[in-house]
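Q: Here it is, the structure, as structure tokens.
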Amino acid sequence: MGALLVGAASVGACRSMPHTETAPQSSAVAPRDDDVFRNEVVGFSLRKPPSWRFGPTAWGAANLDQLEFKDDEFAALVMENATEPLVVVLKYDEPIDALSPVFRATFRRLGELSHLRPEQIANLLIPQFRESLADFNLVRGVSTTEISGHPAAHFASSFTVDDLGGTTHPIVTETWMVKRGDYVFILGSSAPSQDPSHEELQAILQSISIDPGRF
0 MGALLVGAAS VGACRSMPHT ETAPQSSAVA PRDDDVFRNE VVGFSLRKPP SWRFGPTAWG
60 AANLDQLEFK DDEFAALVME NATEPLVVVL KYDEPIDALS PVFRATFRRL GELSHLRPEQ
120 IANLLIPQFR ESLADFNLVR GVSTTEISGH PAAHFASSFT VDDLGGTTHP IVTETWMVKR
180 GDYVFILGSS APSQDPSHEE LQAILQSISI DPGRF
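Going by numbering that gives the first Met the number 0, 0 is the number at position 1 of the sequence shown; the sequence numbering is gapless.
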């Protein structure tokens with residue numbers, strides 16, 4: 000079970016960093032829209048607010064123009080990028096002395112957990128958060144919802160992180176689990192508790208599209 004948490008535990012707000020790479024854009028997207036991320040391989044897309052930016056991920060280095068995969072090739076691609084988010088969206092473009100609100104989407108293979116419902120997967124994930132975050136607090140327990148028309152599970156939590164100057168910041172997070180066949184999308188939004196970014200994070204969530212019938 001521990002492997003499921005990799006790439007998801009980093010859902011907390013992160014320090015803003017210099018922009019080094021834009022999100023991967025599929026050649027199948029036309030016309031080009033720099034505010035839209037789409038991965039044709041897993042059938043996932045979202046739109047960021049114009050003032051936010053995409054952060055670099057290992058998925059950006061994958062050959063996403065190769066849209067047809069055999070099962071073993073697709074599994075290998077997922078495992079190769081398993082520790083990295085599929086896409087990261089950050090609010091702050093320039094380095095500042097603050098923590099940046101962030102939205103992440105991670106795509107994972109479920110393996111032996113593929114028979115579980117989204118709510119069951121979420122309930123297995125929460126204890127791992129408790130182990131990795133000393134002051135983890137479950138604000139809202141697991142509930143059922145929908146993302147892009149697909150059944151999903153949701154929970155909200157809080158914890159604290161220290162910035163580069165050693166100042167402690169309370170962080171609020173929301174996590175969604177969207178199961179698709181033998182795979183799961185783990186979606187996470189987070190921001191310092193006093194940061195007025197809730198509506199922007201919700202707009203990113205509402206923009207998500209997950210292709211039906213892909214898995």
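Glycine included, each C-beta is placed from N, C-alpha and C at the ideal position. Since we're looking at a predicted model, the values are computed, not measured.
Please report the straight-line C-alpha distance between Ile125 and Val41, rounded to a whole angstrom.
A: Spanning the two alpha carbons is a distance of roughly 25 angstroms.
Q: When we look at the beta-carbon of Leu85 and count the other beta-carbons within 10 Å, is it buried (16 or more) or exposed?
A: buried
Q: For Leu66, count neighbouring Cβ atoms within 10 angstroms of its own Cβ and tell me buried if that reaches 16, exposed if not.
A: The predicted model places Leu66 with a pLDDT of 41, which falls under 50 and marks its position as unreliable; any figure quoted below should be read in that light. Label assigned to Leu66: exposed.
Q: I believe Asp181 touches Arg108 by the beta-carbon criterion, under 8 angstroms. Please report the beta-carbon distance rounded to the nearest angstrom.
A: At roughly 6 angstroms, the Cβ-Cβ gap stays under 8 angstroms, so Asp181 and Arg108 are in contact.
Q: Less than 8 angstroms between C-beta atoms, sequence neighbours within five positions excluded: which residues of the same chain meet that for Pro211?
A: Gly148, His149
Q: According to DSSP, is Phe128 part of a helix, a strand, or is it coil?
A: helix
Q: Cutting at 7 angstroms between CB atoms, please list the residues of its own chain near Asp34, excluding the five before and the five after it.
A: Arg46, Lys47, Pro49
Q: Enumerate in chain order the residues of its own chain whose CB-to-CB distance from Ser208 is below 6 angstroms, with the five nearest sequence positions on each side excluded.
A: Ser44, Ser147
Q: DSSP three-state label for Ser189, please.
A: strand
Q: Taking Ala151 as the reference, which of Ala121, Thr166, Gly140 has the closest Cα?
A: That would be Ala121, whose Cα lies nearest to the Cα of Ala151.
Q: Tell me where the alpha helix (DSSP H) around Leu200 begins and ends.
A: 197 to 206
Q: Runs of 4 residues minimum, wholly inside the segment 116 to 164: which ones carry the alpha helix (DSSP H) assignment?
A: 117 to 131
Q: In the DSSP assignment, what are the bridge partners of Glu173?
A: Ala155, Ser188
Q: According to DSSP, simplified to helix, strand and coil, what is Leu89?
A: strand
Q: Using the rule of at least 16 other Cβ atoms within 10 Å of the residue's Cβ for burial, across every protein chain shown, is Val138 buried or exposed?
A: exposed
Q: Quick check: Leu204 and Ala190, are their CB atoms within less than 9 angstroms of each other?
A: No, they are not a contact pair.
Q: Exposed or buried, Gly164, counting other C-beta atoms within 10 Å across all chains shown (16 or more means buried)?
A: exposed
Q: Find the nearest neighbour of Phe128 within the set Leu112, Asp32, Lys178, Phe154, judged by alpha-carbon distance.
A: Phe154
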